[in-house]
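For reference, the structure discussed in these notes is given below.
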Amino acid sequence: MKIDQSIYYFFLFWYACGVVLLSFDILPPALEWANVVFLIAAGLIGGIYFVRSYGTSKGLSISAIIVFFSIFAEHLGVEYGILFGDYYYTQDFGPKLIGVPIAIGFAWLMVIASSHALAKVIAYKKNVLIYVLTGSLLAVLMDLIIDPVAYEVKEYWVWQAESFYYNIPFSNFAGWFIVAFILHAFIYFLVHSEMNKSGIWHSRMVLVFILMQAMFILLALISKLWLAVTATLVLTAAALAVYYYSLKRFTHD
């Protein structure tokens, strides 16, 4: 079995374990490192998707840029409150680079890869702005449910602000949009002539998007975060409906 297949199936296995352990809140302290493994595995899936879609050279370049640029952006947030607002990590997410867990860079790789997979279909044969805006909004949609769960339920990081949306500052979502906008623009100008490609790894990346949304919605539902659950469910359903409607044209042209 190829290494990329093994990583994919490992991710699915780790995901299933994580859903059970986190849903029933039975993850023992000795297994907190499992979060790091999960984030890295999810990021590797994103990297494999880029490599399989656009070739080794471009795929690795895209993946490296996403990881290091996102770590730099998170560094600005942690150290100076720029982009995302004032916050700090309470969880040990493993080795750090410039004060930011490297695993967070891999998490961003998963987010950008999965939002790209949907956006390139939704924006098929449209201009670059439509693609970049769609990809950026899909990334923010993922954070709409990730942050309430990570902050309110799991306390992986702490915001030093107040807002109506679980005290997560608006600047955080604006920062997500800006970072995603820059990264999606970079991807477009690097591989726009090849963005009509699909295949099994494209389908797998869309599945990763669905699985991640489902897991965090479930965790939010268990913790009665009704606003996050409702907003994310409605918007995710709408995004997937547009995606699958657009997929017919994407695959038949």
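Each residue of the sequence shown is one higher than the one before, counting from 11 in the numbering used here.
Every residue, glycine too, gets a C-beta built ideally from N, C-alpha and C.
In this text, all values refer to a predicted model and were calculated from it rather than measured experimentally.
Identity of the residues DSSP links to residue i by a beta bridge
i	result
Tyr99	Trp167
Leu107	Val110
Through-space distance from residue j to residue i, alpha-carbon basis
i	j	result
Trp118	Gly57	11 Å
Ser73	Asp35	32 Å
Ile92	His262	44 Å
Ala160	His194	24 Å
Arg214	Ile13	15 Å
Leu22	Gly95	33 Å
Lys136	Phe48	35 Å
Ile156	Ile227	9 Å
Ile112	Lys106	5 Å
Phe183	Pro158	12 Å
Ser16	Ile55	10 Å
Ser67	Tyr253	28 Å
Val218	Tyr90	32 Å
Ala248	Ile81	30 Å
Tyr255	Ile76	29 Å
Gly65	Val110	29 Å
Ser203	Glu162	42 Å
Tyr175	Leu237	8 Å
Phe116	Ala52	7 Å
Glu165	Tyr59	30 Å
Phe180	Ile50	27 Å
Ala44	Leu243	27 Å
Ile188	Leu200	19 Å
Gly209	Ala251	20 Å
Gly185	Ile192	11 Å
Tyr19	Phe79	28 Å
Phe260	Lys207	9 Å
Asp225	Leu139	Per the sequence presented here, residue 225 reads as Met, with Asp not at that position. Their Cα atoms are separated by approximately 30 Å.
Val30	Glu172	31 Å
Ala241	Leu154	8 Å
Contact set for residue i: own chain, Cβ-Cβ below 7 Å, skip 5 residues either direction
i	result
Leu70	Val61
Lys130	Tyr141 and Met205
Leu32	Leu229
Gln170	Asp96 and Tyr97
Ile197	Ile72 and His126
Val46	Phe103, Gly104 and Ala113
Leu231	Val239
Thr144	Ala129, Ile132 and Ala133
Leu257	Val131
Trp211	Ile58, Tyr59, Arg62 and Ser63
Leu221	Tyr25
Same chain, Cβ closer than 6 Å to residue i, five either side skipped, listed in chain order
i	result
Tyr99	Trp167
Gln223	Thr246
Ala190	Ser146 and Ala149
Val121	Ala149 and Met152
Ile108	His85
Ser233	Val163
C-beta neighbour in chain D for residue i, strict 9 Å
i	result
Leu250	Among the chains of the structure shown, chain D does not appear; only one protein chain is present.
8 Å Cβ shell around residue i - same chain, five flanking residues per side excluded
i	result
Val216	Ser124, Ala127, Leu128 and Tyr253
Leu235	Pro158, Val159, Glu162, Val163 and Tyr176
Pairs of beta-carbons, one from the stretch 84-93 and one from the stretch 12-32, closer than 8 Å: are there three or more? no
Quick one: complete alpha helix (DSSP H) runs, 4+ long, within the stretch 168-192? none
Could you name each continuous alpha helix (DSSP H) segment of 4 residues or more that falls completely within the stretch 21-59, going from the start of the chain to the end? none
Residue ranges of each alpha helix (DSSP H) run of no fewer than 4 residues wholly in the stretch 217-252, ordered along the chain? none
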